[in-house]
Structure formats: structure tokens, C-alpha cells
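*Asks:* Have a look at this one before I ask anything.
Protein chains in written order, with my numbering: chain W, 1 to 117; chain C, 1001 to 1113.
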């Protein structure tokens, strides 16, 4: 069975601090995809990144970076120099390759990040 | 560009009343469509998905049903709401044939009293 665990329920940091959000996943599939979404107070989920299981290169996008390690089944997300606007709930998600018919995402329970000014 | 809208944004309903939440996608054709529910505690649970008109797959047995009367329209319904149906409902779409990201609507917050 597929599962995504985000052990950190809530994290509070002061602006400009770096923060890492942890994500651990379980799957028996050899081809799978990992995602991160941001949910601001407005409620809409905003897509941040998609990573396939064959690409273990780390990715950086501005202040955001992602570390994918298959050996530990982790896909961690780091925000550098956090800002108040980063305050949101962040979700990690997993999907398996079903031949392209559909794309069912399994979500973790989310991590609430509060950035204090 | 593609957009997704769902309504109503907020709904307060008594127990036993019917429910209809609607979602429409614009700017794309033949999308996969999904309904997720986010209960208190934040986890998102997949309720239904659809790969085409009239094709509905249910992930969790429950008091709800879904329909897809048109290619870009997805409706979530209930004949009689339960207290446990309260939550934040999110509609999403993805490109068919591509295991890519889901794009979510603004969400509908349902409170059953």
C-alpha cells in the first residue's frame, strides 16, 4: 500500500530562518511520482514541484529546494530565508504510474508552517 | 490558460438535506477530474475520480456520489447529508495520459448542522 508520512504537524520559525519540511513515503511501485503542494489560508492547493522516481537530482527554485533520496524514501523540502508569506500548510503527495489512465495522489497529513515576523 | 472553478464556496446545511457541489474546468479537453475531501486534521482524502463522461470511480464507500454529465463538469452530490460529511471539498483536474500534477479549485467548505 502507498503511504505518505509528514511527521511534523506544526513548525514555527522566525522570518529569515531556514526550515526543512520532512516527507517519507512508502510504495512498492518502481515508477512513481512525488509532489509538494502549498495550501495558504485561502484554502486552494498550489502545486510546487513534481519529481519522478528515476530522477534523484536535487532541485532548487529560488528560495525553495527539494532533496529526494530513494535510499531513505524521503523527499524533503527546504525554504531558505523564510518569509511571512511562506506561512501555509504544506503537503507532500505520492502517485504511482498506472499507464496514464489516471493520476491518483495520496497525500500526507500536511505540515503547518508559521513564519513569525 | 486552464482554469477550474467550484461553487458554492461556503455552504451550511442541516442534517438530512441534499447536497450539490459543482466544478467546471475551462481551457482544456478530456481532463481527468477528482473530488477530494479535507476534514479537520488536514489530511486530503480522494473521494471520486473520472476519466471521461459518465465514468466515475469511487475510492471510499460513503454517503456521497459523483457525476460527470459533461466533459468539463464534475458534480458531487448527496441525497441526505450526515454530520460527518462536514469538511472542505476540493475539485481537481489533470491532463489525461500524463502522470503529472493535479490542479485544484478554490474549494467548497461544507458545514452540516
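Note that the Cβ used here is the ideal one computed from N, Cα and C, for glycine as well.
Our contact map puts residue 1043(C) next to residue 107(W) with C-beta atoms below 8 Å; I'd like the distance itself, whole angstroms only.
*Replies:* Here residue 1043(C) refers to the residue found at position 43 when the second chain is read from its first residue. Here residue 107(W) refers to the residue found at position 107 when the first chain is read from its first residue. That belief holds up - the Cβ atoms of residue 1043(C) and residue 107(W) are roughly 7 Å apart, short of 8 Å.
*Asks:* Taking only beta-carbon positions, decide if residue 1078(C) is within less than 9 Å of chain W.
*Replies:* Counting from 1 along the second chain, the entry for residue 1078(C) is found at position 78. No, residue 1078(C) does not count as interfacial toward chain W.
*Asks:* So the candidates are 95(W), 113(W), 17(W), 117(W); which of them puts its Cα closest to the Cα of residue 3(W)?
*Replies:* In the first chain, counting from the first residue as 1, residue 3(W) sits at position 3. When only C-alpha atoms are compared, the closest one is 95(W).
*Asks:* Give me the chain C residues within the contact set of residue 45(W), using Cβ-Cβ distance strictly less than 7 Å, ordered along the chain.
*Replies:* Sequence index remark: in the first chain, residue 45(W) carries index 45 (1-based). Chain C residues near residue 45(W): 1090, 1104.
*Asks:* Helix, strand or coil for residue 42(W) per DSSP?
*Replies:* For this step, residue 42(W) is matched to residue 42 along the first chain. Residue state, collapsed to three classes: coil.
*Asks:* Quick check: the Cα distance between residue 1065(C) and residue 1025(C), rounded to an integer number of angstroms?
*Replies:* Taking the first residue of the second chain as 1, we reach residue 1065(C) at position 65. Taking the first residue of the second chain as 1, we reach residue 1025(C) at position 25. In a straight line, the C-alpha of residue 1065(C) is about 19 Å away from that of residue 1025(C).
*Asks:* Tell me, please, whether the CB atom of residue 1114(C) is closer than 9 Å to any CB atom in chain W?
*Replies:* Chain C is shown from 1001 up to 1113; residue 1114(C) falls before or after that span and cannot be answered.
*Asks:* So who's on the other strand from residue 60(W), going by DSSP bridges?
*Replies:* Your numbering for residue 60(W) matches position 60 in the first chain. According to DSSP, residue 60(W) bridges with 65(W).
*Asks:* What residues in its chain sit with their C-beta under 6 Å from that of residue 1016(C), if we drop five residues either side in the sequence?
*Replies:* Within the second chain, residue 1016(C) is the residue found at index 16, counting from 1. Contacts found: 1080.
*Asks:* For residue 111(W) versus residue 10(W), is the C-beta spacing smaller than 9 Å?
*Replies:* Counting from 1 along the first chain, the entry for residue 111(W) is found at position 111. Counting from 1 along the first chain, the entry for residue 10(W) is found at position 10. Their beta carbons are under 9 Å apart, which means residue 111(W) touches residue 10(W) by this criterion.
*Asks:* Closest to residue 32(W) by CA distance: which of 24(W), 53(W), 20(W) is it?
*Replies:* On the first chain, residue 32(W) is found 32 positions in, with the first residue counted as 1. Here the closest residue by C-alpha is 53(W).
*Asks:* Which residues, in chain order, does the segment 67-90 of chain W contribute to contact with chain C at a C-beta distance below 9 Å?
*Replies:* Hits within the stretch, in order: 89.
*Asks:* With a threshold of 16 other CB atoms inside 10 Å of the CB of residue 93(W), please say whether the residue is buried or exposed.
*Replies:* Residue mapping note: residue 93(W) aligns to position 93 of the first chain, counting from 1. So residue 93(W) ends up on the buried side.
*Asks:* With distances taken from CA atoms, which of 1003(C), 1023(C), 1001(C) is nearest residue 1077(C)?
*Replies:* As a first step, residue 1077(C) is located in the second chain; it is residue number 77 there, counting from the start. Residue 1077(C) has its Cα closest to that of 1023(C), out of 1003(C), 1023(C), 1001(C).
*Asks:* Could you list the residues in the segment 1030-1063 of chain C with a C-beta less than 9 Å from some C-beta on chain W, going in chain order?
*Replies:* So the list reads 1032, 1034, 1036, 1038, 1041, 1042, 1043, 1044, 1045, 1046, 1049, 1050, 1051, 1057, 1059, given in the order they occur along the chain.
*Asks:* Of the residues 45(W), 56(W), 40(W), 91(W), which one's Cα is nearest the Cα of residue 85(W)?
*Replies:* To locate residue 85(W), count along the first chain from 1; it is residue 85. When only C-alpha atoms are compared, the closest one is 40(W).
*Asks:* Of all the CB atoms in chain C, is at least one closer than 9 Å to the CB of residue 33(W)?
*Replies:* Counted from its first residue, the first chain places residue 33(W) at position 33. By this cut-off, residue 33(W) is an interface position.
*Asks:* Taking only beta-carbon atoms, is residue 1094(C) less than 9 Å away from chain W?
*Replies:* Position 94 of the second chain, counted from the first residue, corresponds to residue 1094(C). Yes, contact with chain W.
*Asks:* Less than 9 Å separating the beta-carbons of residue 19(W) and residue 78(W)?
*Replies:* The sequence position of residue 19(W) within the first chain is 19, counting from 1. The sequence position of residue 78(W) within the first chain is 78, counting from 1. The answer is yes: Cβ separation under 9 Å.
*Asks:* Flag this pair as yes or no: are the beta carbons of residue 1100(C) and residue 50(W) separated by less than 9 Å?
*Replies:* Taking the first residue of the second chain as 1, we reach residue 1100(C) at position 100. Taking the first residue of the first chain as 1, we reach residue 50(W) at position 50. Taking 9 Å as the Cβ cut-off, residue 1100(C) and residue 50(W) qualify as a contacting pair.
*Asks:* Take residue 1036(C) as the anchor and find which of 1111(C), 1096(C), 1087(C), 1112(C) has the nearest alpha-carbon.
*Replies:* For the purposes of this step, residue 1036(C) is taken as the residue at position 36 of the second chain. Comparing Cα positions, the closest option is 1087(C).
*Asks:* Evaluate residue 1020(C) with the Cβ neighbour count: other Cβ atoms within 10 Å of its Cβ, from every protein chain shown; 16 or more gives buried, anything less gives exposed.
*Replies:* Mapped onto the second chain, residue 1020(C) falls at position 20. So residue 1020(C) counts as exposed.
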